[in-house]
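As they're listed, the protein sequences go chains A and B. 1 is the number of the first residue of the first sequence in the working numbering; add one for each residue after it. 1001 is the number of the first residue of the second sequence in the working numbering; add one for each residue after it. Have a look at the structure below before the remarks.
There are 2 protein chains.
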Amino acid sequence: MKIHIAFALLASAAALPAFATTITPEADPVQIALEHDKIAWEITEGLTTEVGARQGGTEAEARGRAWALAYLRKAGFANVREEAFDMPTWVRGEERAWVVSPFPQKFAITALGNSSSTGDAGLEAEVAYFPTVDALRAAPDGSLTGKIAFVNHNMQPTQDGSSYGAFGVARFAGPNIAAKKGALAIVIRSIGTDHNHRNPHTGNTNFEAGVNPIPAAALSIPDADNLARMIQRGKPVTLRLLLTPQNIGMQKSGNVIAELPGSNTALPPIVIACHLDSWDLGTGAIDDAAGCGIITAAASAIKGMKRKRTIRLLWAGAEEVGIWGGKAYAEANKTVPHALAMESDFGADRVWRVDFRLPESAKPLADRIAARLAPLGIGRGKDAASGGADVGAIIAAQNLGVIDLQQDGRRYFDLHHTPDDTLSMIDKAQLRQNVAAWTAVLSELANYEGELTIAPKP
Amino acid sequence: MKIHIAFALLASAAALPAFATTITPEADPVQIALEHDKIAWEITEGLTTEVGARQGGTEAEARGRAWALAYLRKAGFANVREEAFDMPTWVRGEERAWVVSPFPQKFAITALGNSSSTGDAGLEAEVAYFPTVDALRAAPDGSLTGKIAFVNHNMQPTQDGSSYGAFGVARFAGPNIAAKKGALAIVIRSIGTDHNHRNPHTGNTNFEAGVNPIPAAALSIPDADNLARMIQRGKPVTLRLLLTPQNIGMQKSGNVIAELPGSNTALPPIVIACHLDSWDLGTGAIDDAAGCGIITAAASAIKGMKRKRTIRLLWAGAEEVGIWGGKAYAEANKTVPHALAMESDFGADRVWRVDFRLPESAKPLADRIAARLAPLGIGRGKDAASGGADVGAIIAAQNLGVIDLQQDGRRYFDLHHTPDDTLSMIDKAQLRQNVAAWTAVLSELANYEGELTIAPKP
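Structure, rendered in structure tokens:
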């Protein structure tokens, strides 16, 4: 029960005064976190209050970058800079949906990224029902001509977020499948787990080259339930959609980078990442201001200790809309050897497991890290760590070592990509536990001089 | 612990088969509810699926009346009829809000009923902050000229719903106060308790004769928190509002009435009420399709027993927008003597208390009712029962007896008047307990031949 006691201490320690101390690798990460978790809150609160929604490629994201550059400079990081890139940009327009017959009423709907427009006149058609994306796949080609496909899967929350892969395909691939089968448009049950709340979940979809994009949107879960009940009554259901998103061409975006220099410049850096952009519906608190807060607070927490290896912070741009920042980072930094990558991009709920992807020689390091995380209620997993979206390209390019601090995902998909992703959803005690865990890991990595990449190097 | 055991039995009994029985006043209300609670669900599911939102005075409410008339006739009630009336009608238009400076971002907002329009050009002004409606009241006359007032109270959930009275005044009266002090517009923190969800709560407000209505709207609670954080930073905050509601003049509405006749026509009827209309944002499941479901299921449950006194069902029209149905009912039925009134209009969560307003002579009846409710986990309160909005006028006009089956209100104001008021929020086990409680009460009232009104009669 040591784990629970440690976590209870952590959760109740908010009221303790901050104290000055020289941080050493041996310092209790709980104590370090107590001193620095306010940085995680400050960043999350600041970005959501002073910037708000900050979609990749928009003016709001540019204000977010300015905010980030100013914050990181003021916080005393080195080499704070922006690495700009251009990216194609899609922006939301009007979005409305109505049942025309047999039971006229409005639905709560939101367009998926890369949806085409219905035009200002909207679009009206009969609904073709598919309980799963596999059922949509099985529909004969051409059978959807003139219809609106409706995919009504049954996503449930999972602690490790694995249901996003299993059900997210309805969003990632469903619109492309429906378009190829001749559908006029597609609506999906939101890729989400909030069965009670009437906020649809947005997110990107993609159409293959040569496939004409169709209007593609998500219904809130209560609305998807309602549409399913109407369909169960056996009469044809006619839906009207008005979705007027636009592609506004290539726009500026950028990554924000900062460093905590190590004393041995021959050692390749550790890169720790989050993403600065958010979807446009919420204020991007859990996705992913909190991630930027967590990594930055942890890096701040080890400022006072001796460090051999440089820690590089990557606040990536334009993740949600196509991981443009992560790809631009890998390209711009391809001649810079890196050692290991980590990312925080799964909310701010507590870390429950650590996974590694390290060379065999680094097993003692992994053992030390696991031992330091255990008192925070974090178990050691057996999965290979995979990093996050924004470090995916640099990991693949340089075959980097990876450590994943897996967060509890049970309520993440209640909020993900909805207007509900706001500061109100952040649990300060769990945010603090994240900072403590990251601090423990970084304090080990900062002084590890062994090899961290995986052989063979590409 | 008898209460908890009884309630657990009730909650777990859903899987039992229905069974035929001759219902008597002595029958266990739990057994009666098992047989008839499906009617409560059927009405709630039917109105939310086949009609959806049904604002008073609109075409959607007329569809709701047609649905109700057909349902009640099919269910075998007597004298099923509509009593029509006309009412002034306000309808929602566009509604948007943005912070212009210093931190540009969009807010989730909804107009309050009777708000005036900003016009299509919108309105932009500095925000004047008031933590409470009393602080707004204390502002000097004229001090709000050219400003948007913002009232940011701190409503919390209460089991008996009493916080609606305490904090609801910000909505009921705040706009009128702000208008008199020269404000251009007013935004209030939603009268609600869902601190995490980004759905604003609508509801009526009223302006005194001689006061020019101003645009009046509610921010979602996370948005109100965000605006408050911006204001705390000390710089003036400029807000832009676009609200284009309209008054569309006198429209048709109506009450739907049905009866379960008693054998002694000399005994004045019991009137049991709910309201058929809903606000336009949700589908009106908890407010108040479930109420209509509960009273109708309970009346159905006593159909098989001998009854001396007529039970009259009132599915009132246009409650939300000014209690037009309740007032029309009292006027249209002023020459019909009534005995007692009850209403279900506080969601579908469990009944936890019964309150009475009866003549002294009816004390044995109250004792019997309380004894029958105890096994359902319902305690006996000491408050004077007051009825509900739709029976308020007839109670006052005829000094009727009243019984209140008080529902648990702890999550009611999470959903009240928001898009989240959908079927997904109905808890079947709690809905069933309501039907059981109402059935127990009606089975006693239906054969009570004593006086139920309060002396002196008006």
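In this text, a Cβ means the ideal position worked out from N, Cα and C, and glycines have one as well.
Integer-rounded CB distance, given that B/Met-1155 should sit under 8 angstroms from B/Phe-1167:
About 4 angstroms separates the two Cβ atoms, so the contact holds.
Does the count of Cβ pairs from the region 1268 to 1276 of chain B and the region 1122 to 1134 of chain B closer than 8 angstroms reach three?
Touching, no.
Counting along the chain, where does the beta strand (DSSP E) carrying B/Asp-1355 start and finish?
1351 to 1357 is the span of the beta strand (DSSP E), which, as asked, contains B/Asp-1355.
Along chain A, which residues have their Cβ under 8 angstroms away from the Cβ of B/Val-1051?
Neighbours of B/Val-1051 on chain A, chain order: Phe-103, Gln-105.
Assign B/Met-1342 to buried or exposed, taking buried as 16 or more other Cβ atoms, counted over all protein chains shown, within 10 Å of its Cβ.
Answer is buried; the Cβ neighbour count reaches 16.
Return helix, strand or coil for A/Glu-61, following the three-state DSSP convention.
In the structure shown, the three-state DSSP call for A/Glu-61 is helix.
Considering just the uninterrupted stretch of the beta strand (DSSP E) at B/Asp-1288, what are its terminal residues?
Per DSSP, B/Asp-1288 lies in no beta strand (DSSP E) segment and is marked neither H nor E.
Span separating the alpha-carbon of B/Ser-1162 from that of A/Met-87
Rounded to whole angstroms, B/Ser-1162 and A/Met-87 show a C-alpha spacing of 53 angstroms.
Own chain, CB closer than 6 angstroms to B/Phe-1007, minus 5 neighbours either side, in chain order:
Note that B/Phe-1007 scores 38 on pLDDT, short of 50, meaning its location in the model is unreliable; the coordinates nonetheless yield the value given after this. Residues Gly-1377 of the same chain have their beta carbon placed closer than 6 angstroms to that of B/Phe-1007, with the five preceding and five following residues left out of the count.
Would you list the one or two residues that DSSP bridges to A/His-275?
Beta-bridge analysis with DSSP links A/His-275 to A/Ala-316.
Would you mind stating whether A/Val-99 and A/Met-230 have Cβ atoms separated by less than 8 angstroms?
Taking 8 angstroms as the cut-off, the Cβ atoms of A/Val-99 and A/Met-230 count as close.
Classify B/Val-1336 as helix, strand or coil using the three-state DSSP reduction.
The answer is coil: DSSP assigns B/Val-1336 none of H, G, I, E or B.
What's the gap between the Cα of A/Val-354 and the Cα of A/Ser-443?
Approximately 15 angstroms, taken between the alpha carbons.
Beta-carbon contacts of B/Arg-966 that lie in its chain and below 6 angstroms, excluding the five residues immediately before and after
This structure leaves residue 966 of chain B out entirely; chain B is present only between 1001 and 1458.
Could you name the residues of chain A that B/Ala-1108 contacts, counting a contact when the two beta carbons are closer than 9 angstroms?
Here the neighbours are Pro-419.
Under 8 angstroms, Cβ to Cβ, is there at least one residue of chain A near B/His-1275?
For B/His-1275, the answer is no, since every Cβ of chain A falls outside 8 angstroms of its Cβ.
Neighbour flag for A/Met-342 against chain B, beta carbons, 8 angstroms
Answer no: the Cβ-Cβ gap between A/Met-342 and chain B never drops below 8 angstroms.
Exposure of B/Asn-1226, with buried meaning 16 or more beta-carbon neighbours within 10 Å:
When all chains shown are included, B/Asn-1226 counts as buried.
Quick one: give me the first and last residue of the alpha helix (DSSP H) that B/Tyr-1412 is part of.
In the DSSP assignment, B/Tyr-1412 falls within the unbroken alpha helix (DSSP H) covering 1412 to 1415.
Residues in the same chain with beta-carbon distance under 7 angstroms from A/Asp-383, minus the five sequence neighbours each way, listed in chain order, please.
Contacts found: Asp-355.
List in chain order: all unbroken alpha helix (DSSP H) runs of 4+ residues lying wholly within the region 29 to 106 of chain A.
Correct list: 29 to 46, 59 to 74.
Touching by the beta-carbon criterion (3+ pairs, under 8 angstroms), the region 172 to 188 of chain A and the region 135 to 152 of chain A:
The region 172 to 188 of chain A is in contact with the region 135 to 152 of chain A.
So, for A/Asp-390: in the same chain, excluding its five sequence neighbours on each side, which residues have a beta-carbon less than 8 angstroms away from its beta-carbon?
Contacts found: Ala-273, Cys-274, His-275, Leu-314, Ala-316, Glu-319, Ile-323, Gly-325, Gly-326, Tyr-329, Glu-343, Asp-345.
For A/Ala-14 and chain B, any beta-carbon pair shorter than 8 angstroms?
At A/Ala-14 the pLDDT is 38, less than 50, meaning the model places this residue with poor confidence; the figure from the coordinates comes in the next sentence. Taking Cβ atoms only, chain B never reaches closer than 8 angstroms to A/Ala-14, which makes this a no.
Note down, one range per segment and in chain order, each alpha helix (DSSP H) of at least 4 residues found wholly within the region 1179 to 1251 of chain B.
List check, alpha helix (DSSP H) in window: 1221 to 1232.
Taking a cut of 9 angstroms between CB atoms, which residues from the region 1406 to 1436 of chain B lie near chain A?
Listed by position, the residues of the region 1406 to 1436 of chain B near chain A (Cβ gap below 9 angstroms) are Leu-1415, Thr-1418, Pro-1419, Asp-1420, Asp-1421, Thr-1422, Leu-1423, Ser-1424, Met-1425.
Note down, in chain order, every chain A residue with its Cβ under 9 angstroms from the Cβ of B/Met-1230.
Within chain A, the residues near B/Met-1230 are Thr-49, Glu-50.
CB-CB under 7 angstroms to B/Ala-1297, same chain, minus the five flanking residues each way: which ones, in chain order?
Closer than 7 angstroms at the Cβ level, and outside the excluded window around B/Ala-1297, lie His-1036, Asp-1037, Ile-1039, Ala-1040, Val-1435.
Cβ contact (3+ pairs, closer than 8 angstroms) linking the region 276 to 296 of chain A and the region 237 to 252 of chain A:
Output reads no: the region 237 to 252 of chain A does not touch the region 276 to 296 of chain A.
Go ahead and pull the three-state DSSP assignment for A/Phe-19.
With a pLDDT of 37 at A/Phe-19, under the threshold of 50, the predicted position of this residue should be treated as unreliable, though the coordinate-derived value follows. In this structure, A/Phe-19 counts as coil in the three-state DSSP scheme.
At the 8 angstroms Cβ level, is A/Gly-450 part of the contact set with chain B, yes or no?
Interface residue (Cβ-Cβ distance to chain B less than 8 angstroms): A/Gly-450 is not classified as such.
Using a Cβ cut-off of 7 angstroms, pull out every chain A residue sitting near B/His-1197, in sequence order please.
Going along chain A in sequence order, the residues near B/His-1197 (Cβ under 7 angstroms) are His-197, Asp-420.
Mind checking B/Glu-1449: buried by the 16 CB within 10 Å criterion, or exposed?
Exposed: under 16 other Cβ atoms inside 10 Å.
Which bits of chain B does A/Asp-497 rub up against, with CB to CB less than 8 angstroms?
No answer is possible for residue 497 of chain A: it lies beyond the span of chain A, which begins at 1 and ends at 458.
To the nearest angstrom, report how far apart A/Ile-23 and A/Thr-44 are at their CA atoms.
Note that A/Ile-23 scores 48 on pLDDT, short of 50, meaning its location in the model is unreliable and no value can be drawn from it.
So, under 8 angstroms CB-CB, A/Glu-50 and B/Phe-1103 are touching, yes? Tell me the CB distance rounded to an integer number of Å.
Indeed they touch by this definition, with Cβ atoms about 5 angstroms apart.
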